[in-house]
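For the sequence shown, our numbering assigns the number 647 to the initial residue and increments by one for each residue that follows. Structure record follows, encoded as structure tokens.
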Amino acid sequence: CLDLMIAKVRAGATSKSTPDEVAKILNPFAIAIQGEEAFDTSYRNVGGSVAFGQGRIAIGVRMGTVARLRAFSTVSGNSISVPSALDWSLQFDAQPRFLHGGLLVVDGPGIQDAGVRYAYRILFLKPSEKGFQLGRSMRGIWTLAEESDSHLSIDGTMGTVRNIVEPKSFFTDSTTRLFVHETVYEMNQWPFRTRLENFGNSALQAVDNWMAASMVSAKTELQKQFVNAYGKEKQMIESYQERLSGVDSFEVTLKFDKTFVFKVQLSNAKYQVMYLKVD
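Below, the structure is given as structure tokens:
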């Protein structure tokens, strides 16, 4: 069925086809499996995307929890080899896009039936004489949002990959992006060169690291005070706040069953927990 969808897109799409136009091409398949209106993230849904570049066409389609990508020569019409991981992409979409020099990026947002947070997979494929070879893969976690705030954004030769870093000492709800790791790449040649990398270092993140270390081995009196009040198991956070309280000084407030107020000092580019109050 996936191959039938690919053939349908191949016959009807052009280099100017938008995602909405590809959706119209696949509409007969959507009608056949839905029976009723379905959300974009629903398993009872189909989707597809197409990309043209360097005399080649890449087509990715999705039905339910499975996606497939195929590539063809626009000159001969013959099939071009792609990594076997793209034959049957379980729980990941396959959205192709050509970059400079014929490099093909296959974006794979996680396919889910409900919820806001999703896993993703990004495959960067290098062109070869016979087809494409896997150059690099990336995985991460993100949340549903507007296109301008997605896990992958490409502007010309610059690309940005974003990933949520999970707290080490507590849980958050699925919509919260507390710590974000962002990497900006120059994508005009292979391998990519990292232009900027932001780990989201903050007083709040320093407190999380300090809490996690304390839960493993409480050595100081301040760490023991924390563990006695918090315990050694992760809790679900209710609210958090980080504010500047002085020159290179921060107050971090975390609310669980109890409220923890940390005083944090920044010195020599390092954060140190100096004081703790528990209510």
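C-beta: ideal position from N, C-alpha, C; glycine also. Every value quoted in this text rests on a predicted model; they were computed, and no experiment measured them.
Below 8 Å on the Cβ atoms is my guess for residue i versus residue j; work out the distance and round it to an integer in Å.
| i | j | result |
| --- | --- | --- |
| residue 788 | residue 764 | 6 Å |
| residue 740 | residue 715 | 4 Å |
| residue 908 | residue 893 | No, residue 908 and residue 893 are not in contact; Cβ-Cβ is about 17 Å, not under 8 Å. |
| residue 698 | residue 661 | 4 Å |
| residue 875 | residue 924 | 5 Å |
| residue 891 | residue 873 | 24 Å between Cβ atoms; not a contact. |
Give me the residue from the options with the minimum Cα distance to residue i.
| i | options | result |
| --- | --- | --- |
| residue 767 | 754, 774, 759, 761 | 754 |
| residue 659 | 769, 913, 784, 671 | 671 |
| residue 713 | 860, 649, 751 | 649 |
| residue 776 | 838, 729, 801 | 729 |
| residue 971 | 862, 665, 693, 895 | Nothing about residue 971 can be reported from this structure: the residues present for the chain run from 647 to 925 only. |
| residue 809 | 674, 843, 698, 778 | 843 |
| residue 785 | 778, 911, 798 | 798 |
| residue 821 | 791, 779, 845 | 791 |
| residue 818 | 652, 752, 719, 762 | 762 |
| residue 824 | 717, 796, 846, 696 | 846 |
| residue 738 | 710, 880, 696, 886 | 710 |
| residue 752 | 717, 655, 760 | 717 |
| residue 906 | 915, 886, 673, 835 | 886 |
| residue 922 | 912, 882, 857, 914 | 857 |
| residue 782 | 882, 653, 769 | 769 |
Anyone know if the C-beta pair for residue i and residue j falls short of 9 Å?
| i | j | result |
| --- | --- | --- |
| residue 724 | residue 708 | no |
| residue 850 | residue 884 | no |
| residue 721 | residue 701 | yes |
| residue 803 | residue 746 | yes |
| residue 736 | residue 778 | no |
| residue 917 | residue 852 | yes |
| residue 800 | residue 743 | yes |
| residue 719 | residue 696 | no |
Report yes if the C-beta of residue i is less than 8 Å from at least one heavy atom of the ligand SAM; otherwise report no.
| i | result |
| --- | --- |
| residue 742 | Absence of the ligand SAM is noted for the structure shown, with no ligands found whatsoever. |
Under 8 Å: do the segment 821-835 and the segment 899-907 share three or more Cβ pairs, one atom per stretch?
The segment 821-835, when compared against the segment 899-907, does not touch it at the 8 Å Cβ threshold.
Kindly provide the ranges of any beta strand (DSSP E) runs that are 3 or more residues long and lie completely inside the segment 836-862, ordered along the chain.
For the beta strand (DSSP E) assignment, the uninterrupted runs of no fewer than 3 residues enclosed by the segment 836-862 are, from N- to C-terminal side, 839-844.
Does the segment 805-814 come within contact of the segment 867-878, defined as at least 3 CB pairs closer than 8 Å?
Because the criterion of three Cβ pairs below 8 Å is not met, the segment 805-814 and the segment 867-878 do not touch.
3 or more residues per run - each beta strand (DSSP E) lying fully within the segment 852-913
Listed in chain order, the beta strand (DSSP E) runs fully inside the segment 852-913 are 885-892, 895-901, 905-913, counting runs of at least 3 residues.
At what residue ranges does the segment 777-830 contain a whole run of the alpha helix (DSSP H), taking only runs of 4 or more?
DSSP runs (the alpha helix (DSSP H)) wholly in the segment 777-830: none.
Within the segment 741-767, note down every full alpha helix (DSSP H) run reaching 4 residues or more, in order along the chain.
Here no run is fully enclosed.
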